[in-house]
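What follows is a single structure, written as structure tokens, with notes after it.
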Amino acid sequence: MNPSVRISRIFAMLTLCVLGGAAVTATARAQEAHPRVPKSVRLYVFDCGVIKGLDPALFNFKREEVKTIDFAVPCYLIVDPKGTLIWDVGVIRDEDFKDDGKPVTQGPSTATRTLKSQLAEIGYAPGDITYLAHSHYHGDHIANSNEFAGSTWLVRPIERDAMFAEKPPALVDPKDYDQLKAAQTVLITKDEYDVFGDGKVIIKSAPGHTPGHQVLILHLKKTGNVMLAGDLYHYPEERGSGRVPTFEYNKEQSLASRAMIEDYCKKTKTQLWIEHDFDANAKLKKSPKYYD
Ligand SMILES: [Zn+2]
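Numbering-wise (my numbering), the sequence shown opens with residue 26 and increments by one.
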């Protein structure tokens, strides 16, 4: 499907919502391909674009109630001594870039760099990446999924079932991830899943925004505990507001996940990073710099 058609379709759906209310082998391969294995976990933040001018009403907010309405779209690479994990893969496909080096705009979304070029800058190709995981299936988190069809996909069965259902869920284009159907896959059925088996990189269930929405917890040596919170929130103003977006899969579940996660972060002294938070994202170190 033509990208602008794809994005228009996604935003037509959003408008409707408003109106209607073998891992070991993969690890070995990754290490072979990339000899620079760090001693402790690293987090790289990539710039996968921005989404401009979305109506805060989609999120049950008034314009004057939020400082910034634009969204950052980050992608993240986690490099563990035992392998690599790419977490969320953008809103615009790398293949939609032309060779002229110019930014690509599709509907409200713009990306200035490909994910592949940002990986290459730190010495990785998609084929080197051990694991792929998404916070959730919405179109602004999954655009480059097919690039990682050779990685092992970490996903919850309820999310995967929705993604491959005969009638796909709102805000997705199944063509963005159709090659994952045949990818080596780990179906996560536990609340917490230890990605590399060393207790440093944990995927945790936080459903509601989508049926299998999840967050990523990193135990970093210098930075401390960081949570990449997916779309548990979009604006920082949502925290403590009791308000959830108009297009949640299950609002009650979202509120319960938020309460559980806030409690978790407090107890474990974990910083919660709202992925789309534009102002917070602007202050983050970007790849090739990293957090460790
Ligand atoms: Zn979302």
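Don't be surprised by glycine CBs; every beta carbon is placed ideally from N, CA and C.
Keep in mind the model is a prediction, meaning the values are calculated, not measured.
Residue i, enclosing beta strand (DSSP E) - first and last residue
| i | result |
| --- | --- |
| Tyr156 | Tyr156 to Ala158 |
| Tyr260 | Neither: Tyr260 is in no beta strand (DSSP E) and is coded neither H nor E. |
| Val211 | Thr210 to Leu212 |
| Leu205 | No beta strand (DSSP E) contains Leu205, which DSSP labels as neither H nor E. |
| Glu217 | Glu217 to Asp219 |
According to DSSP, residues forming a beta bridge with residue i
| i | result |
| --- | --- |
| Asp317 | BP columns for Asp317 are empty, so no partner. |
| Met252 | Ile242 and Leu297 |
| Ala231 | BP columns for Ala231 are empty, so no partner. |
| Phe96 | Ile76 and Asp302 |
| Leu110 | Ile103 and Tyr156 |
| Leu179 | Ala158 and Val211 |
| Ala195 | BP columns for Ala195 are empty, so no partner. |
| Val226 | Leu243 |
| Ala136 | Val129 |
Delimiting residues of the alpha helix (DSSP H) encompassing residue i
| i | result |
| --- | --- |
| Ile183 | Pro182 to Met188 |
| Val141 | A quick correction: the sequence has Lys, not Val, at residue 141. Unbroken alpha helix (DSSP H) run through Lys141: Leu140 to Glu146. |
| Phe303 | Phe303 to Ala307 |
Inter-residue CB distance, residue i and residue j (contact presumed, cutoff 8 Å)
| i | j | result |
| --- | --- | --- |
| Val180 | Ile213 | 7 Å |
| Ala168 | Ile117 | 6 Å |
| Ser312 | Gln143 | 6 Å |
| Val66 | Leu245 | 6 Å |
| Leu297 | Ala254 | 5 Å |
| Ser170 | Tyr156 | The Cβ separation is near 13 Å, so there is no contact. |
| Phe71 | Pro99 | 6 Å |
| Pro261 | Ala307 | Their Cβ separation, rounded to whole angstroms, is 13 Å, which puts Pro261 and Ala307 out of contact at 8 Å. |
Where residue i falls: helix, strand or coil (DSSP)
| i | result |
| --- | --- |
| Leu68 | strand |
| Pro270 | coil |
| Gly237 | coil |
| Leu83 | helix |
| Gln361 | With the chain covering 26 to 317 only, the question about residue 361 has no answer from this structure. |
| Ala284 | helix |
| Lys291 | helix |
| Asp119 | helix |
| Ser279 | helix |
| Val43 | Legend: pLDDT at Val43 = 41, less than 50; position of this residue unreliable, value from coordinates given subsequently. The answer is helix: DSSP assigns Val43 an H, G or I state. |
| Met26 | Unreliable placement is indicated for Met26, whose pLDDT of 44 sits below 50; no coordinate value is reported for it. |
Chain E contact for residue i (CB, 8 Å cutoff)
| i | result |
| --- | --- |
| Ile213 | Chain labels in this structure do not include chain E; a single protein chain is all it has. |
Report all residues for which the CB-ligand distance to some heavy atom of ligand 1 is below 5 Å; order them along the chain.
-> His163 and Asp256
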